[in-house]
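Number of protein chains: 2
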Amino acid sequence: MPSKKYHHGDLKNALIQAGIEILSRDGVAGLSLRKVALRAKVSHSAPYAHFSDKQSLIAAISTEGFNQLYAELSAAIGERASSPEKKIFAAIKAYVTFALTRTDTFKIMFSGVIEKEKEYPAFVEVSQRTFRLVVDVVRECQRSGLLPAGQTELVAVSIWGQIHGIVSLALEGQIPHTVIDKKDVQSIVDFALGQLMALKG
Amino acid sequence: MPSKKYHHGDLKNALIQAGIEILSRDGVAGLSLRKVALRAKVSHSAPYAHFSDKQSLIAAISTEGFNQLYAELSAAIGERASSPEKKIFAAIKAYVTFALTRTDTFKIMFSGVIEKEKEYPAFVEVSQRTFRLVVDVVRECQRSGLLPAGQTELVAVSIWGQIHGIVSLALEGQIPHTVIDKKDVQSIVDFALGQLMALKG
DNA sequence: ACCTGAACACCGTTCAAGT
DNA sequence: ACCTGAACACCGTTCAAGT
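Respectively, the protein sequence lines represent chains Z and A. For what it's worth, our numbering labels the leading residue of the first sequence as 292, then goes sequentially. For what it's worth, our numbering labels the leading residue of the second sequence as 292, then goes sequentially.
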């Protein structure tokens, strides 16, 4: 371990970690640069040596979140050479679990706080890599007749959008009680996906 | 018109209007109570006579947004006794248009800034009323065989979730360029819905 | 009942200065 | 190269005081 003196050693990553922790404790609204600095035990202006502004830190946190999501998705998909059906359901379960577990990280990843994506190539890279993972599973499902053929990327966006939408509405408390009181988010998502899959019984 | 003196007359609604305007100019991040007050030409503490805090103003803005969305959805659906298919596509087009036009109002409506819904009955009411509109159209589509029968509310949530998810991802710039460069949001949504509808040729 | 102005704690960001 | 501390403009919220 690096000796604790004037220079922190790895302040950049310490700030990202501190940010994730504050996010899970105080939520998106409670995330401030000054709190992050305090938690990392540096002065409130120290973060500016590593991040140009708050947006930049949020981009780094979002990138880290996407890396974790990617890892969990590929772990869920990759467990042995299972059937396309098992793979896609496992992937979706992992997505929902991620959203329900690391709620505020998930929210910030998709809260458009990153407007100028071009400035954050690492974020764009992992986000694209994650999408490709989904596209590959969708393609397998198409080949085995589980999903209608053609337009693989469009189908992937449709399915991803559906899961993402249902999860988002649930996180914002927008799903009517008449529905959410009877079924949990995972069940609703499974139902929705089942409808799509039913296309090819 | 009310004479402009010490008392504003209808400051409450003026603040909501000012908020919506600031939202469309400066975005969600640029919305502050002090700016709203300034725009309504009152002191920065005047809003507190009508709203307990910023959340409360946001709830009022969201409620107003939902009222507009409800109006546009029912206008789209209600135009003559058209077919269920026309109705559902018209409704979805209206939803997408609303999201793309009043982007920041849409975002704040679904940004979970309203955590304690119970405290905002007007918001809950219009939100439920809007959902019922969707449920009714879905039921019509089920009756005419466009959508699979049963579980009407679940089907409604699935479809609403899908539209909402695709639109949200688009607003956050998360749809990969390989897709969004070829098709606009409306087309992607139509494609997704077409997949669901295809269930019953 | 409705609004103002001073006050307080907190925030993002900058910058000269320290190590 | 990395970090501190003072400073500035802005913010949400409170409260005594004005009309």
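We put the beta carbon where it would ideally sit given N, CA and C, even for glycine. For clarity, every value in this text was computed on a predicted model and none was experimentally measured.
I need the boundaries of the alpha helix (DSSP H) containing residue i, first residue and last residue.
i: Y386/Z; result: 375-392
i: K345/A; result: 345-369
i: I479/A; result: 476-488
i: L329/A; result: 324-330
i: H341/A; result: Segment: none, H341/A is in no alpha helix (DSSP H) and carries neither H nor E.
i: D427/A; result: 412-434
i: G450/Z; result: What sits at residue 450/Z in the sequence shown is Ile, not Gly. I450/Z -> alpha helix (DSSP H) spans 443-462.
i: Q308/A; result: 302-317
i: V470/A; result: 468-471
What residue from the options has the CA that sits closest to residue i's CA?
i: R330/Z; options: A340/Z, S343/Z, R316/Z; result: R316/Z
i: V429/A; options: S478/A, F422/A, A447/A, N358/A; result: A447/A
i: L360/Z; options: V425/Z, L445/Z, I313/Z; result: V425/Z
i: M488/A; options: F401/A, I466/A, R434/A; result: R434/A
i: I383/A; options: E312/A, S334/A, F422/A, L322/A; result: F422/A
i: A366/A; options: A385/A, T354/A, I352/A, S353/A; result: A385/A
i: A340/A; options: A381/A, V480/A, G321/A, L302/A; result: L302/A
i: D344/A; options: R325/A, L462/A, D427/A; result: R325/A
i: I379/Z; options: I466/Z, I450/Z, V470/Z; result: I450/Z
i: N358/Z; options: Q419/Z, G318/Z, G452/Z, F482/Z; result: Q419/Z
i: P467/Z; options: I311/A, V417/A, D472/A; result: V417/A
Are there 16 or more other CB atoms within 10 angstroms of the CB of residue i, so buried, or fewer, so exposed?
i: H455/A; result: buried
i: R393/A; result: buried
i: K398/A; result: buried
i: G369/A; result: exposed
i: K296/A; result: Any reading at K296/A needs caution, since the residue's pLDDT is 45, under 50, leaving its predicted position unreliable; the model's value is listed next. K296/A is exposed by the Cβ-count criterion.
i: P338/Z; result: buried
i: G356/A; result: buried
i: E444/A; result: buried
i: D395/Z; result: buried
i: G485/Z; result: exposed
i: S459/A; result: buried
i: S353/A; result: buried
Just to check, is the beta-carbon of residue i closer than 7 Å to a non-hydrogen atom of the ligand COA?
i: E312/Z; result: Questions concerning the ligand COA fall outside what the structure shown contains, since it holds no ligand whatsoever.
Chain A contacts from the stretch 347-369 of chain Z (Cβ-Cβ distance under 8 Å): none
When you check each C-beta in the stretch 459-472 of chain A against every C-beta of chain Z, which residues fall closer than 8 Å? S459, L460, L462, E463, G464, Q465, I466, P467, T469, V470
Segment contact flag, the stretch 371-390 of chain Z with the stretch 435-445 of chain Z, C-beta cutoff 8 Å, min 3 pairs: yes
Taking only beta carbons into account, state which residues of the stretch 299-312 of chain A come closer than 9 Å to chain Z, listed in chain order. none
Check distances from the C-beta atoms of the stretch 382-398 of chain A to those of chain Z and list, in chain order, the residues that come in under 7 Å. Residues of the stretch 382-398 of chain A with a Cβ closer than 7 Å to any Cβ of chain Z: none.
If you pair each beta-carbon of the stretch 384-393 of chain Z with each one of the stretch 476-487 of chain Z, do three or more pairs fall below 8 Å? Result yes; three or more Cβ-Cβ pairs closer than 8 Å.
Using a Cβ distance threshold of 8 Å, determine whether the stretch 305-322 of chain A contacts the stretch 341-355 of chain A, with at least three qualifying pairs required. yes
Using a Cβ-Cβ cut-off of less than 8 Å, give me the residues of the stretch 433-445 of chain A that come near chain Z, in sequence order. P439, Q442, E444, L445
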